[in-house]
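S.K.: The structure under discussion is supplied below as structure tokens; questions concerning it will follow.
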Amino acid sequence: ICEIDLWVSSYYHAIFEIRPYLKRTKTQFPFLKFVEKSFMI
């Protein structure tokens, strides 16, 4: 398995687990909103 694929997979799961937190804070942190949008394909 490619290292990039593994990193993206683990990062996606991390984003998914903290998604409720992101939803509360993304108005304060536009970057988190961008990250969430990028990985919620």
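Each residue of the sequence shown is one higher than the one before, counting from 33 in our numbering.
C-beta: ideal position from N, C-alpha, C; glycine also.
1. Determine the DSSP secondary structure at I36, reduced to helix, strand or coil.
2. State the CB to CB distance for the pair E68 and I47, rounded to an integer number of angstroms; the pair is presumed to be in contact (CB under 8 Å).
3. Go through its chain and collect everything with a Cβ distance to F66's Cβ below 7 Å, but skip five positions before and after it.
M.R.: From the atom records:
1. helix
2. 6 Å
3. none
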